[in-house]
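Those protein sequences? They're chains A and B, same order as listed. Its first residue numbered 9, the first sequence is counted upward by one per residue in my numbering. Its first residue numbered 4, the second sequence is counted upward by one per residue in my numbering. A virtual CB, placed ideally from N, CA and C, is assigned to each residue, including glycine.
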Amino acid sequence: MTVLSCSGLSRRFGDVQAVDDVSFTIAEGETYGLLGPNGAGKTTTISMITGVLEPDAGEVVVAGQPMSTRAIAAKRLVGYVPQELALYPDLTGRENLRFFASLYGAARSRVDHVLDVVGLTDRAGDLAREYSGGMKRRLNVAVGLLHEPRLLVLDEPTAGVDPQSRNQIMDNVRALAAAGMAILYTTHYMEEAERLCDRVGVIDSGRLIAEGTRRELVEKLGERDRISLLLDGDLAHAAAMLGDLRDVRNVAVHGHGLDLVVDDARECLPVVLSAISSNGVVVRSVEVTEPDLETVFLHLTGKALRE
Amino acid sequence: MRQALLIALRDLRERARDRTAYVLALVLPLGLAGVFTLILGNIAGDGEVFRYVVADADRGVVATTFTDEVLRGAAANGAIQIRSVPTAAEAQALVDKGEATAAFLLPEGLTEDVTAGRAARIDVVGDVDAPTGTQVARSLAETYTGRLAAVRVAVAATVHSGVTTSPADLAAEAAAALPGTVVAEDTTGRRQLDPKTQYAAGMAVFFLFFAVQSGVTGLLDERRDGTLARLLAAPVRRSSILAGKLLTSVVIGVLSMTVLVVASSLLMGAHWGHPAGVGLLVLAGVLAATGAMAVVAAIAKTAEQAGGWQAVVAIVLGALGGAFFPLEQAGRALEVLSLVTPHRWFLRGLADLAGGGVAAVLPSVAAMTAFAAVTCAVALILFRKVVRP
């Protein structure tokens, strides 16, 4: 079931077209990564999805409710975790949560529940200003979970946190998705996107330029897995024999080794190794290179994700 | 409305942990009012009754009229205390010892001089440490001698017109007819607060403008700290966010003023007047201060900028509005200019309350409410840009 549907979203600021005809959907239980370099239009898109900003054109629908800046009902369905630490430093962690719970009409028992989820129960009575960066990030996420939203929007939720807090946040996100929550996730950390996201959308200069699973994007761009072998034996014979394998697209000889371009390195590697050893060639080393989202991103935008 | 209350309650909880707020809203106004009262209260008189002595060497009708009618008349009103001594030297000695504020020396032959058409003179000897009391004594004497001059001319004219009554009898009749009371409280034209109340109220209304800042500037703090985006994404109307911020300022202002009114009454002996009238003035004053500070906050780009501008506006309005000194001392131009400030109306309302009933504050309340309505409306329009979609 579709929880978030964006169609034809556009927004201009003066002469700058910040978002241009962006459309995508997120299903129940799906984690969708929105990737793009700084200034690509991610935050503007999120602002329109959360009802902070009104689009010039297009429509956002959350679980059947049209979203706008005045859409109180639709806003109740969305949990928002902004990139900035949106907390009140002179209130305790619990007071911060109680305030937002009261705004959303969430039960008070939810406060203790989300404190437990993000592992802050022991420090709930401390002022937020006294929290470490990681704890603040976790509290920031907790606010977005208070009212059990259908859609959770996380804008760079792990920016600048310690590995322990990052892992905890990622574990939370996985658990929430498994429980059926739709999640929109932006990050600068490619490994996070790869680990968490079922699908990703790549946004650049305000336009959604590619969308799909990692494998779909890799295939769309013609990127292939690579296997590099360092061998002792008859390289020419080995190359000819490997070139005949079904999943091997290309074989090149270099020095004491071979470079193979294959469809799926994980599936192909056992077949390749078996074929080599059965022909008396000794394998000194193996290196597998799978095109990742970073490669896809670089290919699509001409920039690294953190630029 | 519920969500505006929730936002205001959260703000208030956070402000309650801010020690600066207590200093600005309570400690500074009370402290400064106390200092002003100590320094300036005695100079201004502070309700002090001047102690005069009179030495009458004349004992004629003119001198007796001055002593019995003018001076004792004023003493009967409670404005002065009067004591007669036999000689000028004794009177002067009492002044020198500081036991009398001033001495009136009525010279021998005073009545004779008046009846003969000669210039009459009353000597005033004042205590150098009591300039106000001496000035009052001089005024009493000058007023009386001025009227004696008129009597002298009238007597001379009557004599020349051929009337047979003796000049001495004419002078006695004229002197007896002189109005006795020349020192009196004019309750309609000269209503004034006593110095303690004046300075307590002045400081309270001056610092009120600082106390209410934090509420209306809170919106800029929220934008800086990123929490505004979260509020805008929450199921809350934007008008509720603005209302919550204004409400925060109003509650802080009312609390601050209430504590100051009670504390200055108990600690400094200030007399604010009927609680209902004071309550109306405080509420209207708080609304006006909130409106003024909200306009400044809405124009500013950052909370820091707003704080700087608000301090300037608060000081200028306070100075113009008579928060530091009674406007009667400042001249006509400033008095007229002060009418645009809530401070002026607040203090005037308190003075009116001191001289009349609760209804006397209504013009001041109306003026401050109008000021609040205009400024709050302007602020709400300007604040839209902060929460604009």
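Per DSSP, the bridge partner or partners of residue i
{"i": "L290 of chain B", "result": "Its beta-bridge partners do not exist; DSSP assigns none."}
{"i": "T297 of chain A", "result": "A:R234"}
{"i": "L135 of chain A", "result": "A:T100"}
{"i": "D267 of chain A", "result": "A:S236, A:A260"}
{"i": "G25 of chain A", "result": "First, the residue type needs correcting, since residue 25 of chain A is Gln and not Gly in the sequence shown. Q25 of chain A pairs with A:R20."}
{"i": "V219 of chain A", "result": "This sequence places Glu at residue 219 of chain A; Val is not what is there. DSSP lists A:G209 as partners of E219 of chain A."}
{"i": "Q84 of chain B", "result": "B:R54"}
{"i": "T194 of chain A", "result": "A:L42, A:D163"}
{"i": "D120 of chain A", "result": "None, per the DSSP bridge assignment."}
{"i": "A105 of chain B", "result": "B:Y55, B:G129"}
{"i": "V290 of chain A", "result": "A:D240"}
{"i": "L12 of chain A", "result": "A:I34, A:V70"}
Residue j beta carbon less than 8 Å from that of residue i
{"i": "R158 of chain A", "j": "A190 of chain A", "result": "yes"}
{"i": "V416 of chain B", "j": "L385 of chain B", "result": "What is shown of chain B runs 4 to 392, which leaves residue 416 of chain B out entirely."}
{"i": "L308 of chain A", "j": "I217 of chain A", "result": "yes"}
{"i": "V2 of chain B", "j": "V262 of chain B", "result": "What the structure shows of chain B is the stretch from 4 to 392, and residue 2 of chain B is not part of that stretch, so it cannot be assessed."}
{"i": "P165 of chain A", "j": "V269 of chain A", "result": "no"}
{"i": "V289 of chain B", "j": "V319 of chain B", "result": "no"}
{"i": "I54 of chain A", "j": "D233 of chain A", "result": "no"}
{"i": "G324 of chain B", "j": "T344 of chain B", "result": "yes"}
{"i": "Y15 of chain A", "j": "S31 of chain A", "result": "First, the amino acid is wrong: residue 15 of chain A is Ser here, not Tyr. Yes, they are a contact pair."}
{"i": "G66 of chain A", "j": "G214 of chain A", "result": "no"}
{"i": "V57 of chain B", "j": "T70 of chain B", "result": "yes"}
{"i": "E111 of chain B", "j": "D61 of chain B", "result": "yes"}
{"i": "A203 of chain B", "j": "A105 of chain B", "result": "no"}
{"i": "S293 of chain A", "j": "L238 of chain A", "result": "yes"}
{"i": "L258 of chain B", "j": "L353 of chain B", "result": "no"}
{"i": "L160 of chain A", "j": "G152 of chain A", "result": "yes"}
{"i": "D240 of chain A", "j": "V296 of chain A", "result": "no"}
{"i": "G218 of chain B", "j": "A7 of chain B", "result": "no"}
{"i": "A91 of chain B", "j": "L108 of chain B", "result": "yes"}
{"i": "D134 of chain A", "j": "E17 of chain B", "result": "no"}
{"i": "T39 of chain A", "j": "L204 of chain A", "result": "yes"}
{"i": "A150 of chain A", "j": "V126 of chain A", "result": "yes"}
{"i": "V119 of chain A", "j": "R137 of chain A", "result": "no"}
Status (buried if at least 16 other CB within 10 Å, exposed otherwise) for residue i
{"i": "H262 of chain A", "result": "exposed"}
{"i": "D343 of chain A", "result": "What the structure shows of chain A is the stretch from 9 to 315, and residue 343 of chain A is not part of that stretch, so it cannot be assessed."}
{"i": "I80 of chain A", "result": "exposed"}
{"i": "K144 of chain A", "result": "buried"}
{"i": "D189 of chain B", "result": "Low confidence applies to D189 of chain B: its pLDDT is 38, below 50, so where it sits in the model is not reliable enough to give any reading."}
{"i": "T114 of chain B", "result": "buried"}
{"i": "S282 of chain A", "result": "exposed"}
{"i": "L269 of chain B", "result": "exposed"}
{"i": "V52 of chain B", "result": "exposed"}
{"i": "P32 of chain B", "result": "buried"}
{"i": "G59 of chain A", "result": "buried"}
{"i": "Q216 of chain B", "result": "buried"}
{"i": "G101 of chain B", "result": "exposed"}
{"i": "R351 of chain B", "result": "buried"}
{"i": "T52 of chain A", "result": "buried"}
{"i": "S173 of chain A", "result": "buried"}
{"i": "T220 of chain B", "result": "buried"}
{"i": "M56 of chain A", "result": "buried"}
{"i": "V185 of chain B", "result": "Reliability fails at V185 of chain B, whose pLDDT of 43 lies under 50, so the model's placement of it is uncertain and the value that follows must be treated cautiously. When all chains shown are included, V185 of chain B counts as buried."}
{"i": "K388 of chain B", "result": "exposed"}
{"i": "A28 of chain B", "result": "buried"}
{"i": "M75 of chain A", "result": "buried"}
{"i": "E2 of chain B", "result": "Nothing can be reported for residue 2 of chain B: it is not among the residues displayed for chain B, which extend from 4 to 392."}
{"i": "A336 of chain B", "result": "exposed"}
{"i": "T23 of chain B", "result": "exposed"}
{"i": "R5 of chain B", "result": "exposed"}
{"i": "P278 of chain B", "result": "exposed"}
{"i": "L342 of chain B", "result": "exposed"}
{"i": "R222 of chain A", "result": "buried"}
{"i": "G360 of chain B", "result": "exposed"}
For residue j and residue i, believed in contact at Cβ under 8 Å, the rounded distance
{"i": "L42 of chain A", "j": "G209 of chain A", "result": "5 Å"}
{"i": "A207 of chain B", "j": "M260 of chain B", "result": "6 Å"}
{"i": "L123 of chain A", "j": "R102 of chain A", "result": "7 Å"}
{"i": "A140 of chain B", "j": "G129 of chain B", "result": "6 Å"}
heavy atom of the ligand GDP below 7 Å from residue i C-beta
{"i": "A92 of chain B", "result": "Inclusion of the ligand GDP in the displayed structure is not the case, the ligand content being empty and no account of it being possible."}
Check your understanding: Is the number of C-beta pairs between the region 231-239 of chain B and the region 300-308 of chain B that are closer than 8 Å three or more?
Key -> no
Exercise for review: Would you check if the region 249-267 of chain A and the region 299-306 of chain A touch, i.e. whether three or more CB-CB distances between them fall below 8 Å?
Suggested key: no
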